[in-house]
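**Student:**
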Amino acid sequence: MIKKVNGLSNIYPVWNRLEEHYQEIKGKNLRQLFTENSQRSKDMAIEEMDIYFDYSKNRVTSETIGLLLKLAQEADLPKHIEAMFQGEKVNFTENRAALHTALRMPKGSSLLVEGEDVTTKIHQELEKMADFVEEIRDGSWRGFTGKPIRNVINIGIGGSDLGPRMAHEALRFYSARNINFAFISNVDGTDFSETVQGLDPAETLFIISSKTFTTTETMTNGCTARDWLLERLKDENAISRHFVAVSTNQTKVEDFGIAPENMFVFWDWVGGRYSLCSAIGLSTMIAIGPDNFYSLLEGFHQVDEHFRHTPLEKNIPVLMGLLSIWYNNFFNCQTAAILPYEQYLKLFPAYLQQLTMESNGKNVDREGRAVTYQTGPVYWGEVGTNGQHSFYQLIHQGTKMIPCDFIAFLEPLYNIIPHHELLLSNVFAQAEALAFGKTAEELKEEGISKKLIPFQTMPGNNPSNLILLDKLTPANLGKLVALYEHSVFTQGVIWRINPFDQWGVELGKKLASKIVQELRNPHSSDLQHDSSTAQLIRCYWNRKK
Ligand code: F6P
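Position 204 of the sequence shown, counted from 1, bears residue number 655 in our numbering, the numbering being contiguous throughout.
1) Would you mind reading off the limits of the beta strand (DSSP E) that contains residue 674?
2) Sorry if obvious, but does the Cβ on residue 804 come closer than 6 Å to a heavy atom of the ligand F6P?
3) Determine the closest residue to residue 929 out of 898, 612, 461, 552, with distance taken between C-alpha atoms.
4) Could you give the DSSP three-state label for residue 617: helix, strand or coil?
5) Thinking C-alpha only, which one of 924, 954, 690 is nearest residue 814?
6) Look at residue 998 and residue 657 and say whether their C-beta atoms are less than 7 Å apart.
7) Nearest to residue 513 by CA position, among 485, 742, 737, 880, is which residue?
8) So, helix, strand or coil for residue 940, using DSSP?
9) Could you check whether residue 640 and residue 659 sit closer than 7 Å to each other, using their CB atoms as the reference points?
10) Please go through the same chain and pick out, in chain order, the residues whose beta-carbon is closer than 6 Å to the beta-carbon of residue 945, but skip the five residues on each side of it.
11) Is the beta carbon of residue 829 closer than 7 Å to that of residue 797?
12) Please classify residue 915 as buried or exposed, where buried requires at least 16 other C-beta atoms within 10 Å of its C-beta.
13) Mapping the DSSP letters down to three states, classify residue 922 as helix, strand or coil.
14) Less than 8 Å between C-beta atoms, sequence neighbours within five positions excluded: which residues of the same chain meet that for residue 601?
15) So, using beta-carbon positions, are residue 715 and residue 733 closer together than 7 Å?
16) Per DSSP, which one or two residues make a beta bridge with residue 631?
17) With distance defined between alpha-carbon atoms, name the residue in 577, 548, 576 nearest to residue 563.
18) Nearest to residue 702 by alpha carbon, out of 723, 664, 669?
19) Please tell me whether, using a cut-off of 6 Å, the distance from the CB of residue 956 to the nearest non-hydrogen atom of the ligand F6P is below it.
20) Cβ-heavy atom distance between residue 953 and the ligand ADP below 6 Å?
21) What do you reckon, are the CB atoms on residue 941 and residue 772 nearer than 7 Å?
22) Exposed or buried, which one is residue 416 when buried takes at least 16 other CB atoms within 10 Å?
23) Quick test of your reading: residue 611 and residue 561, contact by CB under 8 Å. State the CB separation rounded to the nearest angstrom.
24) Can you find the residues in the same chain that come closer than 6 Å, C-beta to C-beta, to residue 505, ignoring five residues on each side of it along the sequence?
25) Less than 8 Å between the CB atoms is what I'm expecting for residue 500 and residue 769, so what's the real figure, rounded?
26) Whose CA, out of 569, 843, 555, lies closest to the CA of residue 933?
27) Residue 622 and residue 739: beta carbons closer than 7 Å?
28) In chain order, what residues of the same chain have a beta carbon less than 6 Å from the beta carbon of residue 482, not counting five sequence neighbours either side?
29) Within the 7 Å Cβ cut-off, does residue 655 reach chain B?
30) Taking the beta strand (DSSP E) that residue 505 falls in, what are its first and last residues?
31) Pick out whichever of 889, 885, 857 has its Cα sitting closest to the Cα of residue 874.
32) May I have the straight-line CA-CA distance separating residue 845 from residue 980, to the nearest angstrom?
33) So, for residue 581: in the same chain, excluding its five sequence neighbours on each side, which residues have a beta-carbon less than 6 Å away from its beta-carbon?
34) Strictly by DSSP, which residues pair up with residue 567?
35) For the structure I just gave you, are there three or more beta carbon pairs, one from the region 514-522 and one from the region 465-477, closer than 8 Å?
36) Pull the bridge partners of residue 413 from the DSSP assignment, please.
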């Protein structure tokens, strides 16, 4: 029987004050808040590490921020941050550290974990990756028949797919254009079949990426890839020229037929959704080259240092996390939108879904008690301006408040200036429209007919952050991802949950492995399922051709 804990007011003395303060703030609108403080846009902006973080269009006052910062102190956030960076076993349900921050520590630095300097082995692996990457990029790595590699296909799922897939898309501008990159994740055979259509196996390298090397989807796709290649190249020896693995599990990699020299390792203290900076980023390094990959790591590291050492009131990821708590737990917002105004970031919302929702989608606190407060919200989003022509209407005039994160870059990657000015004007305009809306009086003054005024009135008062960076570079992508990683961590600390495990995905995996046996063996078993599931299985037996 799971014991219940009654809200966070029992834990944090400031929680009740925040509840009262919410009652004072909820009726105020952003127009008033901006009128009350002419310095607001300056007071509520932070410029650090070439990031301009504007949080002035949030439904907060300086008092709100003060109370939220007190909450962070009462939750011992600085102590938790330090524990994570020091390699303490903050992932306590799996008895592991969560040391993704060590992956981007510069060469020459050191971090002793249980008597071992982890940065040495991290940099050894990065160097092994870089050597391999150079051989692929300069064509000296030859396929089994002597051809250079023209297609790199990453096979993985979850964190072993979303990070490399997103980073490849985000950094395509910096990518080698003489190599095709593709990603296979879904166990749906269509994903595999469509991806390999027309490819020459003699020019194709598969990277099997899986922390555990047991994940059904990845192993199934990996085996199908091996069969596909062997059917065409007709020699087992071809495997060593066309398959490499990225994993923590050497035994399973060898069982698959990949030799240790073709394996890139990482460690159990790197969570799947935090693994982009590990060898899981191998396809990214092939695409952008080692130097750009090191810049990506440097961007992550800058934000790590900022998160670890900057006072809470000037700490961007801490403020991002606290604002999320404010909307989630006081305004009862169920979702949050991620709206990048950069085409190359089209996969960023999908990437953040795993990072945020697999991390903070938890209903049990650190002591194993069922929580009685809301934890992680639903994250979703789309690149601007596309979203403006689909779902923004609901944010502007629907009945739900949806906090938004706008992300934009001051400089374009392609020098088509009129496009970029339009793009930027749209992101600024949307944040303005969402915050300040349009009143009936203003519409009347503009001569809008009385009948149409209710339909054209824009309530405004929808909160947003704007994260502005100079340009989409590898380093800036690293900064952006690290901001969200640490915002997620901040929220997890306040909610007193473990953001580093994911037990919720296990039940479905177990049921699927049982059901697949039943699907394959019609009428052979006594179906131990609810009547709906049992009927679906029978339906498959009866109707499949
Ligand atoms: O779906 C659960 C999960 O464990 C994710 O956390 C992880 O990123 C993904 O599966 C893939 O796991 P692996 O890298 O071990 O194949």
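Backbone N, C-alpha and C fix where the C-beta goes; we use that ideal spot for every residue, glycine too.
**Tutor:** For this structure:
1) Taking the sequence shown and counting its residues from 1, one reaches residue 674 at position 223. Careful: residue 674 lies outside any beta strand (DSSP E), inside the alpha helix (DSSP H) at 667-684.
2) In the sequence shown, the residue the question calls residue 804 occupies position 353. Every heavy atom of the ligand F6P is 6 Å or more from the Cβ of residue 804, so no.
3) In the sequence shown, the residue the question calls residue 929 occupies position 478. If we check each option's Cα against that of residue 929, 552 comes out closest.
4) As a position in the sequence shown, residue 617 is number 166, starting the count at 1. Helix, per DSSP.
5) For this step, residue 814 is matched to residue 363 along the sequence shown. The residue with the shortest Cα to Cα distance from residue 814 is 954.
6) The question about residue 998 has no answer here: the residues shown for the chain are numbered 452 through 996.
7) Sequence index remark: in the sequence shown, residue 513 carries index 62 (1-based). The shortest C-alpha separation from residue 513 is found at 485.
8) Translated into positions along the sequence shown, residue 940 becomes position 489. Residue 940: helix per DSSP, three-state reduction.
9) The sequence position of residue 659 within the sequence shown is 208, counting from 1. The sequence position of residue 640 within the sequence shown is 189, counting from 1. In this structure, residue 640 does not lie closer than 7 Å to residue 659 by Cβ.
10) Mapped onto the sequence shown, residue 945 falls at position 494. Contacts found: 526, 776.
11) Translated into the one-based positions of the sequence shown, residue 797 becomes position 346. Translated into the one-based positions of the sequence shown, residue 829 becomes position 378. Contact flag unset, no.
12) One-based indexing of the sequence shown puts residue 915 at position 464. With 16 or more Cβ atoms within 10 Å of its Cβ, residue 915 is classed as buried.
13) Against the sequence shown, residue 922 aligns to sequence position 471. Correct three-state label for residue 922: coil.
14) As a working note, residue 601 is residue 150 in the sequence shown. Excluding positions up to five away in sequence, the list reads 629, 630, 631, 651, 654, 655.
15) Numbered from 1 along the sequence shown, position 264 holds the residue referred to as residue 715. Numbered from 1 along the sequence shown, position 282 holds the residue referred to as residue 733. In contact: residue 715 and residue 733 (Cβ atoms closer than 7 Å).
16) Reading the sequence shown from its first residue, position 180 is the one you call residue 631. Note: residue 631 sits in a beta bridge opposite 602.
17) As a first step, residue 563 must be located in the sequence shown, where it is residue number 112. Nearest option by C-alpha distance: 548.
18) Start at 1 with the first residue of the sequence shown, and residue 702 comes out as number 251. Minimum Cα distance to residue 702 is reached at 664.
19) Start at 1 with the first residue of the sequence shown, and residue 956 comes out as number 505. Yes, the Cβ of residue 956 comes within 6 Å of a heavy atom of the ligand F6P.
20) Only the ligand F6P can be found as ligands here, which leaves the ligand ADP out of the picture.
21) One-based indexing of the sequence shown puts residue 941 at position 490. One-based indexing of the sequence shown puts residue 772 at position 321. Against a cut-off of 7 Å, the Cβ pair of residue 772 and residue 941 comes out as a contact.
22) A query on residue 416 cannot be resolved here, the shown segment of the chain reaching from 452 to 996 and no further.
23) Here the question's residue 611 lines up with position 160 in the sequence shown. Here the question's residue 561 lines up with position 110 in the sequence shown. Actually they do not touch by this definition, with Cβ atoms about 28 Å apart.
24) On the sequence shown, residue 505 is found 54 positions in, with the first residue counted as 1. Around residue 505: 496, 917.
25) In the sequence shown, residue 500 corresponds to position 49, counting from 1. In the sequence shown, residue 769 corresponds to position 318, counting from 1. The pair is not a contact, with the Cβ atoms about 14 Å apart (cut-off 8 Å).
26) For this step, residue 933 is matched to residue 482 along the sequence shown. Comparing Cα positions, the closest option is 555.
27) On the sequence shown, position 171 is the one that residue 622 refers to. On the sequence shown, position 288 is the one that residue 739 refers to. Yes; because the gap between Cβ atoms is below 7 Å, this pair is in contact.
28) In the sequence shown, residue 482 corresponds to position 31, counting from 1. Around residue 482: 887.
29) Judged by its chain identifiers, the structure shown contains no chain B, having just a single protein chain.
30) Taking the sequence shown and counting its residues from 1, one reaches residue 505 at position 54. Here the beta strand (DSSP E) through residue 505 covers 502-505.
31) The residue you call residue 874 lines up with position 423 of the sequence shown. The shortest Cα separation from residue 874 among 889, 885, 857 belongs to 857.
32) Residue 845 sits at position 394 when you count from the first residue of the sequence shown. Residue 980 sits at position 529 when you count from the first residue of the sequence shown. Cα to Cα, the separation comes out at about 40 Å.
33) Taking the first residue of the sequence shown as position 1, residue 581 is located at position 130. Answer for residue 581: 741, listed in chain order.
34) Working through the sequence shown from its first residue, we reach residue 567 at position 116. Answer is 564.
35) yes
36) One cannot answer for residue 413 here, as it falls past the ends of the chain, which runs 452 to 996.
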